[in-house]
Structure formats: structure tokens, C-alpha cells
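2 is the number of the first residue of the sequence shown in my numbering; add one for each residue after it.
Cβ atoms here follow ideal geometry from the backbone N, Cα and C, with glycine treated the same way.
Quick caveat: nothing in here was measured; it's all calculated off a predicted structure.
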Amino acid sequence: MNWQEFIGAFALFFFTHTVLLRPAIKCRIITRIGPRGFTTFYSGISLILLGWIIKAANDAPYVGLWDTAPWHYYFTQICMALAVIISALAIGRPNPLSFGGSNNHAFDPMEPGIIGIIRHPILASLFIWSFSHLIPNGDLAHLILFGAFSGFALLGMKIINRRNRRVLGSQEWERLTRKPQKRSIQIASLNFLSRVLLAILIYAILFYSHERIIGVAANL
């Protein structure tokens, strides 16, 4: 048990994410493998490195900071349900205002769906995931892990806003971010219902496989 692996995994994660999202490098990769290929590649790298960081945090020396209370688990469970639903409603939808969008040219600012409520749904889900897991994990390694990801998600929103405003131009940015008179999600639509059902399925899988994959049960 040592800190070297934890520091190394952390450094590699943030280095690759900083480099891969630079416009020049990202465009070069997209030219070779296409937008969908880049999304698949980026997601795969992210999941692999995230798994490594979590394992390294679990193996790091334990330095206790606060005790875990029963309500911490309920807080995390509720927050994770929200994070999964937000992700399910956002993935695969056009979103030129953030990353991870699909067919961004088809984005309609007058009917933005979840994007009209949460501009960066994937980063919002990342923040909810990291902050909610910070509460029940009262040791130094997990404080660094989940605290850093919380800050990364919030800072990432600001960086992407600034970058996209510059890339799209002020006029296009204003058009895309113009708030519709009525911001709503068609909850009776087949697309919405299917995404919610998918979220329920994913949440159930995450909940019941948490102990097997992470090594810690998701409930008391």
C-alpha cells in the first residue's frame, strides 16, 4: 500500500483529458477516426483510467478524517439516481454547447430538452457522482479523489463555455444559448420514457454490482 500508484493514476487521467480535449489535437483525431470514433475512444480511455484511480484510492494508506453515518449512504443513493437519469436523458442528444453530443448540427435551441435545463449534463452528472461519494468516504485518499473530480467538473463547465463561445463566435453562441419562452421536457414522449427506463436499468445494475466491482456495498 503506497501513494505512488494513486498519484500516478491521477496524473495520467488529468493529463490525457487535458491533452485529448485540446481543439487542435481533438480535430486531428476526429479527422482520422470520425466524431463517433473519438467519442468511443475518449470514453474508453476515461473508464479505464477512472477504474484505475478508484482501485488506487482503495489501495492507498488509510488516513481517517470523519466517520461514516447511515444517512450518508441514502444521500449517495438518491444523488446517484439523479446523476444516472440526467446522463440517460443527455447521452446521444445534440449538444453543441458541451462535449459528448451527437449530431450537433440538429440542435434546436427552441426545443433543447435537458440541455435547456442543464447545459453540461455529463459534467453535472460527474459532479453529482463525485460529491455524493465524497460524503460517505471519510478518508484522505477518497477526499482527494472525489474532491478533485468535483472541482474538475465545475471548472470544466466554465472552460468549455469560454472555449465554445470563442470557437462558435458570439452571434452563434447567443443564438444557441437563447432561452426558449417555455423550457420543458416532453415527459409523455416515447424517447423520454425509454431513456428513463434505461436509467432505472443502469441504476439497478450499478447498485447491485457495486460491491463486486468496487469492493464496497452501495448500501448498509
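From the DSSP secondary-structure annotation, give me the bridge partner or partners of residue i.
i      : result
Gly248 : One cannot answer for residue 248 here, as it falls past the ends of the chain, which runs 2 to 221.
Taking the alpha helix (DSSP H) that residue i belongs to, which residues open and close that run?
i      : result
Met111 : Here Met111 belongs to no alpha helix (DSSP H), and DSSP marks it neither H nor E.
Ile129 : Pro122 to Leu135
His106 : Element bounds for His106: n/a, residue is neither H nor E.
Ile119 : Per DSSP, Ile119 belongs to no alpha helix (DSSP H) and is neither H nor E.
Asn192 : Leu191 to Ile215
Arg179 : First-last for Arg179: undefined, no H or E at that position.
Got a sec? Which residues, its chain only, sit under 6 Å from residue i by beta carbon, not counting five neighbours each side?
i      : result
Ile116 : Asn96
His211 : Ala219
Ala154 : Leu124, Leu127 and Phe128
Phe208 : Ala219
Val86  : The question names Val, but residue 86 is Ile in the sequence shown. Excluding positions up to five away in sequence, the list reads Ala200.
Gly93  : Ser103
With a 10 Å radius around its C-beta and 16 neighbouring C-beta atoms as the bar for buried, classify residue i as buried or exposed.
i      : result
Cys80  : buried
Ser131 : buried
His106 : exposed
Thr32  : exposed
Gly170 : exposed
Val64  : exposed
Ala61  : buried
Thr41  : exposed
Consult DSSP for residue i and reduce its assignment to one of helix, strand or coil.
i      : result
Trp72  : helix
Asn59  : helix
Asn96  : coil
Ser44  : helix
Leu22  : coil
Gly170 : coil
Trp53  : helix
Which same chain residues, not among the five before or five after residue i, have their C-beta less than 8 Å away from its C-beta?
i      : result
His143 : Ala58, His134 and Leu135
Thr178 : Leu98, Pro110 and Arg120
Thr17  : Ile46 and Leu50
Leu83  : Ile129
Leu66  : Gly139, Asp140, Leu141 and Leu144
Can you find a CB in chain B that lies within less than 7 Å of the CB of residue i?
i     : result
Gly35 : Absent here is chain B; the protein component of the structure consists of one chain.
Residues in its own chain within less than 7 Å of residue i by CB, not counting five upstream and five downstream?
i     : result
Leu13 : Leu50
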